[in-house]
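Asks: Have a look at this one.
Numbering (UniProt numbering), first residue to last: 1 to 730.
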């Protein structure tokens with residue numbers, strides 16, 4: 001296509017074709033760039049940088065060029081290729097590929113590789129000392145060599161890699177990839193520590209100054225070793241050859257020690273930590289944070305190294321690392337003055353917080369659930385991500401850190417509640433004295449911790465996928481039970497800067513979730529109703545088709561006196577009763593008004609009760625079916641009937657047991673409520689009452705069996721008075 005296009009553009013120079021036609025022709029053939037190859041007729045100045053006498057960078061060349069300056073073109077002005085580029089509309093002239101002044105964007109639409117005196121034969125270029133061809137050949141040989149080394153590294157052929165590296169001048173420090181990775185970079189990256197050690201041993205001393213080479217990310221060989229290497233020997237060898245590697249940072253400002261923590265490499269972290277132990281504390285801090293002040297503890301939390309789901313060894317290593325880092329982290333000391341709202345703000349209906357200042361009122365549009373700026377301290381970052389172990393460790397070493405307030409005016413309670421981390425919330429709530437202060441704090445937007453419970457977090461997902469109604473119930477648990485019970489009563493009606501109470505904010509935020517939960521409950525109840533009716537149909541039919549059939553003379557069942565027949569009858573009747581009860585419960589859910597407060601207890605309780613009766617009916621139906629099978633076998637009936645019974649009951653069992661995961665989710669949501677119910681019931685008050693009753697009846701029995709003398713009666717009366725007057729133990 002290039003040849004055809006070139007021939008098509010030749011009439012341009014004879015003025016036989018218009019510029020518009022040229023551009024149309026280029027567009028039709030999808031020409032995006034111009035690549036020029038040739039000799040002096042199209043050389044724009046490549047020979048200027050070559051060791052040859054074939055140059056044209058002096059007058060009178062270029063006298064008709066722009067500004068009348070010589071450029072290396074073997075003519076007075078522009079070349080034919082320049083006119084073509086100008087006619088197409090790309091640029092006024094094609095740049096020389098070897099021009100040091102050319103920028104990458106200048107080469108976007110093409111470049112010229114032409115060299116004067118290059119000729120048709122390579123011999124011509126060699127005689128003219130035009131080094132373009134040897135340079136290209138050298139680059140080609142280098143690319144082939146890099147390909148062989150790269151393949152050998154991927155295949156783990158260490159001997160071949162060492163053999164190929166011996167043929168290049170820089171050996172293991174030879175740049176191998178387009179990202180400026182050396183052979184040692186890739187050997188470390190591919191976890192071939194022995195190969196890396198051999199390459200370091202064979203490295204000539206004159207190349208040791210190049211050990212600090214960095215790739216396009218700024219990573220040195222030690223940076224990669226800190227991530228992928230598990231051997232101290234390689235780290236020792238690298239620092240022996242180039243001690244300066246320990247202090248070098250990549251483009252993110254990370255040292256090798258920082259990278260070891262970021263990727264959870266405990267062995268390399270311990271090794272590098274020993275190397276910096278000789279530094280004073282101020283210099284050690286430089287290794288423990290990168291240029292943007294992000295500390296190692298931040299990275300350890302973000303990397304989720306403290307997830308108990310990972311293997312126990314890695315979790316233990318991460319926790320040990322955290323204890324080491326927490327002792328050196330004092331970022332919580334940089335705090336912001338919080339807003340202590342000792343008295344909540346209460347506005348009259350239609351009032352404004354700025355009314356007394358004469359500020360006009362206007363309709364306020366609130367935007368809920370918007371993202372927040374990332375907290376900067378490890379304490380709040382661990383709280384946000386749910387790393388309870390880190391929070392506990394920080395507060396264990398620095399108990400006063402619990403008072404930390406971020407730039408938004410939030411304390412640790414705000415963060416734990418917003419991201420729904422119950423374990424951290426309960427841990428902080430146990431500290432009674434700080435809690436009395438923290439529950440009265442409001443952020444810069446006037447939100448109390450109860451307001452925070454009403455906020456919706458976009459990036460929050462429950463630990464297990466649940467139905468919308470169960471998610472809404474969990475939100476109500478946070479709002480109505482967990483947070484409201486720790487906040488002072490007068491804060492319940494506190495209004496934020498949007499003039500919203502916490503309840504109003506919660507209702508506004510969860511309005512969409514309430515709608516979705518309503519539809520989900522209706523669909524679930526309707527599905528449960530269908531299954532219950534199917535089971536009721538089977539149970540009702542089984543009651544009239546008893547196993548063994550009736551006696552033709554008396555009409556009573558033939559197997560009436562068999563114990564298994566009693567099991568069949570009782571289980572079938574109970575199954576029918578339970579399944580009809582579940583139908584009634586499901587219908588009560590469908591006809592419910594679906595108020596917001598109903599999603600906390602009423603609706604989930606009905607749903608759980610309905611599924612409880614449904615599963616009981618299924619279980620009893622299975623028992624009745626098993627009794628029927630045993631009765632059939634006992635009477636040696638045909639196995640065809642047994643198979644028919646099994647196939648007819650299979651769909652019912654599948655439908656019923658498909659709802660079992662939902663039942664488990666429902667039961668889990670009641671663990672917290674049941675715990676609160678047990679705490680609310682004054683069990684300890686029952687035992688003194690029982691003891692009094694027992695004591696009273698014991699005295700009566702004693703009076704009947706033996707009449708005490710007056711002195712004994714007086715002493716006993718005194719004891720009873722003392723006992724009843726004594727305070728009841730809580």
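Even for Gly, the Cβ is constructed at its ideal location relative to N, Cα and C.
Could you name each continuous alpha helix (DSSP H) segment of 4 residues or more that falls completely within the stretch 489 to 522, going from the start of the chain to the end?
Replies: You should have 502 to 509.
Asks: From which residue to which residue does the beta strand (DSSP E) around residue 111 run?
Replies: It spans 110 to 112 - the beta strand (DSSP E) in which residue 111 sits, taken as one unbroken run.
Asks: With DSSP as the reference, label residue 441 as helix, strand or coil.
Replies: Note: residue 441 maps to strand in three-state DSSP.
Asks: Over the uninterrupted alpha helix (DSSP H) stretch that includes residue 422, give me the two end residues.
Replies: That run of the alpha helix (DSSP H) goes 422 to 429.
Asks: Going along the chain, which residues of its own chain have a beta-carbon closer than 7 Å to the beta-carbon of residue 195, five neighbours each way excluded?
Replies: Only 158, 161, 187 meet the Cβ criterion.
Asks: Take every Cβ of the stretch 466 to 474, pair it with every Cβ of the stretch 602 to 622, and state whether three or more of those distances are shorter than 8 Å.
Replies: Touching, yes, given that three or more Cβ pairs across the two stretches are closer than 8 Å.
Asks: Use the C-beta contact count for residue 654: other C-beta atoms within 10 angstroms, 16 or more gives buried, fewer gives exposed.
Replies: Residue 654 should be labelled exposed.
Asks: What's the C-alpha gap between residue 386 and residue 416?
Replies: Looking at the two C-alpha atoms, the distance is approximately 8 Å.
Asks: Using three-state DSSP, classify residue 178 as helix, strand or coil.
Replies: Correct three-state label for residue 178: coil.
Asks: With contact counted as at least three CB pairs below 8 Å, one residue from each stretch, are the stretch 441 to 454 and the stretch 575 to 582 in contact?
Replies: No: fewer than three Cβ pairs fall under 8 Å.
Asks: In three-state DSSP terms, what is residue 397?
Replies: In the structure shown, residue 397 sits in a helix (DSSP, three-state: H, G or I).
Asks: Is it right to say residue 155 is buried, meaning 16 or more other beta carbons lie within 10 angstroms of its own, or is it exposed?
Replies: With fewer than 16 other Cβ atoms within 10 Å, it is exposed.
Asks: Across which residues does DSSP place residue 96 in a beta bridge pair?
Replies: Beta-bridge pairing links residue 96 to 112.
Asks: Quick one: measure Cβ to Cβ for residue 71 and residue 62, integer angstroms, because I've assumed they're closer than 8 Å.
Replies: Correct: roughly 5 Å between the Cβ atoms.
Asks: With distances taken Cα to Cα, identify the nearest neighbour of residue 481 among 409, 597, 447, 441.
Replies: Taking only the C-alpha atoms, the option nearest residue 481 is 597.
Asks: For residue 255, count neighbouring Cβ atoms within 10 angstroms of its own Cβ and tell me buried if that reaches 16, exposed if not.
Replies: Buried, by the Cβ-count rule.
Asks: Figure out for me which residue from 253, 567, 444 has the closest Cα to the Cα of residue 409.
Replies: Ranking 253, 567, 444 by Cα distance to residue 409 puts 444 first.
Asks: Please name the residue or residues paired with residue 35 in a DSSP beta bridge.
Replies: DSSP, once it has assigned bridges, lists 111 as partnering residue 35.
Asks: Assuming residue 617 contacts residue 533 (C-beta within less than 8 Å), just tell me the rounded distance between them.
Replies: Not confirmed; about 11 Å, so no contact.
Asks: For residue 434, does the count of other Cβ atoms within 10 angstroms reach 16, so buried, or fall short, so exposed?
Replies: Result: buried.
Asks: For residue 34, count neighbouring Cβ atoms within 10 angstroms of its own Cβ and tell me buried if that reaches 16, exposed if not.
Replies: The residue in question, residue 34, is buried, as its Cβ has 16 or more Cβ neighbours within 10 Å.
Asks: In the structure shown, what three-state DSSP assignment does residue 46 receive?
Replies: The answer is helix: DSSP assigns residue 46 an H, G or I state.
Asks: Determine the extent of the alpha helix (DSSP H) in which residue 738 is found, giving its start and end residues.
Replies: This structure cannot speak to residue 738, because the chain is shown only from 1 to 730.
Asks: What did DSSP end up calling residue 594 once you bin it into helix, strand or coil?
Replies: It is coil, neither helix nor strand.
Asks: If you reduce the DSSP assignment to three classes, tell me which class residue 141 lands in.
Replies: Looking at residue 141 - three-state DSSP - the assignment turns out to be helix.
Asks: What is the rounded straight-line gap between the Cα of residue 432 and the Cα of residue 272?
Replies: Each residue's Cα considered, the two are about 42 Å apart.
Asks: I'd like the span of the alpha helix (DSSP H) that includes residue 262, first residue to last.
Replies: Its alpha helix (DSSP H) spans residues 256 to 262.
Asks: Which first and last residues belong to the alpha helix (DSSP H) in which residue 160 is found?
Replies: First-last of the alpha helix (DSSP H) with residue 160: 158 to 165.
Asks: Taking C-alpha atoms, which residue in 45, 260, 446, 242 lies nearest to residue 101?
Replies: Looking at the Cα atoms, 45 is the closest of the given residues.
Asks: If we ignore side chains and look at the alpha-carbon of each, how far apart do residue 153 and residue 147 end up?
Replies: Approximately 10 Å between the Cα atoms of the pair.
Asks: Would you mind stating whether residue 184 and residue 172 have Cβ atoms separated by less than 8 Å?
Replies: Closer than 8 Å, so yes.
Asks: Short of 7 Å in beta carbon distance, which residues of its chain neighbour residue 176, apart from the five on each side in sequence? Order them along the chain.
Replies: Here the set comprises 146, 149, 150, 182, 183, 186.
Asks: Quick one: using the 10 Å Cβ neighbour count with 16 as the cut-off for buried, is residue 235 buried or exposed?
Replies: Flag for residue 235 reads buried.
Asks: Residue 611 to residue 502, Cα distance in whole Å?
Replies: The alpha-carbon atoms of residue 611 and residue 502 are separated by roughly 34 Å.
Asks: Give me the residue from 48, 169, 218 with the minimum Cα distance to residue 204.
Replies: If we check each option's Cα against that of residue 204, 169 comes out closest.
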